[in-house]
Each structure stands twice: as structure tokens, then as C-alpha cells.
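Just below is one structure, and these are the notes that go with it.
What follows is the structure, given as C-alpha cells:
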């Protein structure tokens, strides 16, 4: 099968994962990388046998059809727009943008230029979440009536070499890890109608623990504990907590409660299991066999799915509309916490189609 030439912009920590995982997909061929820091781009290019280009050079390269945007979140919208203006399809790391206005501009430009835009997370396309979706669709827990999701931990300041940005506007637990949970919930349960929330920054400062920045104080500029409630368009109600303020917890990641049973969903920041099911008749939890592949780290699966979708004319699963609904949701939680009220979502999205069973490794159709 012919490969689509891909350029990666952003050669930071996450880029190694993409450079290693993308070649597993038969339609993707990474040919070049770029970064504002050319030394970083040259290092990754030498490591993976690619061309190191400036951002302008990569966007001007007529052979590159798809840009994977791995820049810092504050730069996502700018690079997305520049890539679209250069006639490239774009798959970006999460979030799609930092502000709603930036996200809307990105989607409008893509529509106007008849190009595709997509966004991580694409972990919902892994075998774990796809097994869960199949169980729900098959009625294994009856009618879903409620859900809970908990993303709780201490935050990245203890181990990350550049932790400051995680505690500023456009980050925090909701924007950093929340997209994995929200995207998975939308995949399993469909779009959200309204939310409410309470939020706070529990600590005014954090202390960096990585040896390169050990002891440095980090001023916190965004809520680090958000407790919210989502009301889905189906009527289902979900409790959600995202927090960087908790040392230890035994809370589940995601649970879906149905009229005849409960489904325990695996960590949405992974691609595999375990998937646990307990029906009304069961005396204990049952671990369910995974029905789909892509159970290991499969970053880039969303970009590969976009290429398949372009060739067949179908919608791609990790779509811009899905990513914008997630962005709208994240802002709505913060808006609701400030206003002390429910906030209705102006956006919506289609529930992504389930992947076919029995796919050969590296394929999506």
C-alpha cells in the first residue's frame, strides 16, 4: 500500500513515542522533523534517519501531506493553522487548542480548505476501550445509566524536567490528562449536554524534584483539583474528578454503570486492558478477553486512521469535532466552577465508529 509522507513538528519528550510507533502503520512514512530548536530537530533526525528542517521548510515541502503537531499546547493552534494554510492535513497532540476561539478557527479553516484535522488522544482506538465499546453495544451491562471517572495523582513536578507549564493556564490536570478521560467517555457514551463543577488550586506553589531543576518553586496559576458532573445528551450522569493534589488512591479509572451490571474500564492513557465486567448475577468480577488489537503503545493510530479515512472518504475517528467537544468541555468545567452553575455545551460531536474486529496489524480498514 502507498504510504503518506508525514512531517513531525515538535521534537520534545513525546516525539520519541511517535517516531517509534508510527512506522508500524502501513500508510505512514515519517520523512522529516522540525522544531524551533534546530539542535533538537537535528538530534531526532539523526536518531531516526530523517531530514531535519525548519518549521517553514517542513510546511513548504510539497511531498509532505500530513503534519503531526507535537509542539507545546500554547503553540498547537498556531502550528495547526499554519499547516492547514500550507495545504497539509493535521493531527495534533492534545489539546486541539488552548482557547475555544482558536479551536473554532482551526475547524473552520480545515472545512474551508477541505482538509482534515484530528487530535490526540487516540487511545480510545486501542483494544481495551474498543472491547468496552463492544460490550456496551452488545448490552452486556444493559442500558448505561451512570458513570464515574477519576484521574487523581500528585502531578508531574516531582519527575518532569520542565514542570512549570503544567501549572499554568491551558494546563493543570483537566487540560493535561483530562482529555484521555473525556475522550474515552465520549467514545463510550456519546456527547455531553451540560456540566457543573467546583475547582481550586490547593497549593499556591509546587517544588520541582527533577535533578535539573531540583528545589525550584513553581507558582500555580490554574486549578489543580476539579470535581465535576457531566450530564450526557442521553440523560446519563457521570461524576468526574481530575486532580494533581492527591498522593495515593484506590479509586477506579472509569466505571460505567448499567441497568444489569457494571463495566470497569482500563486506564484511558493506555491502549490495553484489563476490562472487568460484573453483571447482576455475578458473584465476582470477570476479566473479559480483549476483542481488538492495538493493545500496546500505538501512538499515531489516530493519524493512520485519518489517512485511511481520506482514501476511503469516511469520517476519521479522532476527529477535530471530537477534540473540540473535549476542549469545550474542559472550559465548561472551569466556567461552571467560577459561576457556581450548570454550563450547557454549545458544541457536540458524533460518537466515533467502532473499529472492525480482526484487523491485521498496521491496518485500520
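Residue numbers (this note's numbering): 4 to 368. Glycine residues also receive a C-beta, built at the ideal position from the N, C-alpha and C atoms.
Note on geometry: alpha-carbon atoms of residue 56 and residue 133 lie some 37 Å from one another. A Cβ-Cβ distance of about 6 Å is found for the pair residue 72 and residue 96, placing them in contact under the 8 Å criterion.
DSSP, reduced to helix, strand and coil, places residue 91 outside both helices and strands of the structure shown, so it counts as coil.
Looking at the DSSP output, residue 154 bridges to 245. DSSP places residue 140 in the helix class (H, G or I) of the three-state scheme. Residue pairing by DSSP places residue 36 opposite 11, 55 in a beta bridge. In chain order, 80 place their CB closer than 7 Å to the CB of residue 105, counting only its own chain and leaving out the 5 sequence neighbours on each side. The DSSP-derived three-state label of residue 18 is helix. Annotation for residue 336: the continuous alpha helix (DSSP H) segment containing it runs 323 to 342. Annotation: the continuous alpha helix (DSSP H) that includes residue 310 extends over 304 to 315. At the C-beta level, residue 174 and residue 165 stay beyond 8 Å of one another. Between residue 34 and residue 67, the gap from beta carbon to beta carbon is short of 8 Å.
Secondary structure of residue 235 (DSSP, three-state): strand. Taking 8 Å as the cut-off, the Cβ atoms of residue 62 and residue 91 count as close.
With contact defined as three or more Cβ pairs closer than 8 Å, the segment 255 to 266 and the segment 220 to 229 are not in contact. Taken through DSSP and simplified to helix, strand or coil, residue 84 comes out as helix. Annotation: the continuous alpha helix (DSSP H) that includes residue 187 extends over 181 to 192. Assigned with DSSP and collapsed to three states, residue 293 falls in coil, not helix or strand. A direct Cα-Cα distance of roughly 12 Å separates residue 247 from residue 202. Under the 10 Å beta carbon count, residue 239 is surrounded by 16 or more other beta carbons and is classified as buried.
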